[in-house]
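Some notes on the structure that comes next.
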Amino acid sequence: MSSKTLSPMAMFLIRFKREKTAIVALCILLVMVVMAIGAPMFLHYTATDVDYNNILTTPSWEHWAGTDLYGRDNFARLVYGARISLSVGFLSVTIGVIAGTFLGVVAGYYGGILDASSCVSQMYYSPSQASCWLSVSWRFWVAVL
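Mind the numbering: the sequence shown is residues 277 to 421 in this note's numbering, read in order.
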């Protein structure tokens with residue numbers, strides 16, 4: 277009798293398939309990313325196009341989220357804003373990964389002062405009893421006053 281062990285990724289996928297809300301959330305996220313990346317293909321307006329005939333209109337088939345004070349399509353502005361936010365997020369994560377990898381390689385190779393400064397920063401980041409008591413007393417005085 278052989279027991280087959282599953283990899284952590286396989287176990288994750290099995291659990292993920294059981295969760296209907298996770299699948300729905302993933303689908304919504306994928307639609308948002310595809311809309312943000314392919315905004316020029318899906319939208320008739322850009323974020324800066326002005327329609328003087330439709331100023332402050334309510335949502336309609338032409339303008340799905342209505343228009344603003346200047347006649348710009350709110351849905352187009354939302355999608356193009358998501359596009360900018362996604363690009364900034366991916367760029368910052370990429371820079372963080374590159375910088376973290378470089379610093380990790382340098383710290384692993386040289387050690388010494390970098391390890392000591394890392395230990396000091398970990399002490400600053402970890403909560404101590406004093407900080408816990410200060411947070412409790414702060415909440416107490418806010419409640420009293």
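From the three backbone atoms N, C-alpha and C, an ideal C-beta is built for every residue, glycine too.
K296, enclosing alpha helix (DSSP H) - first and last residue: Start and end: K296 to I313.
Local conformation of M277 per DSSP, three classes: Note on M277: pLDDT 48, under 50, position unreliable in the model; the coordinate value appears next. M277: coil per DSSP, three-state reduction.
Sheet register partners of T343 (DSSP bridge): D349
Per-residue DSSP class, three states only, for G387: It is coil, neither helix nor strand.
Y356 beta carbon less than 7 Å from that of V326: no
Neighbour-count burial assignment, Y386, 16 or more Cβ in a 10 Å radius: exposed
C-alpha gap between G314 and A352, whole angstroms: 12 Å
Close beta carbons around R359, own chain, < 8 Å, minus the five adjacent residues each side: Closer than 8 Å at Cβ, skipping near neighbours: A312, I313 and A315.
Buried versus exposed call for D348 [16 or more other C-beta atoms within 10 Å across all chains shown]: A small fix is needed here, since residue 348 is Arg in this sequence, not Asp. With 16 or more Cβ atoms within 10 Å of its Cβ, R348 is classed as buried.
Neighbour-count burial assignment, H320, 16 or more Cβ in a 10 Å radius: exposed
Secondary structure of T370, DSSP reduced to three states: Taken through DSSP and simplified to helix, strand or coil, T370 comes out as helix.
Residues near G342 by beta carbon distance below 7 Å, same chain, minus five either side: These residues qualify, in order along the chain: T333, T334, P335 and N350.
F292 and A301 closer than 7 Å at C-beta: no
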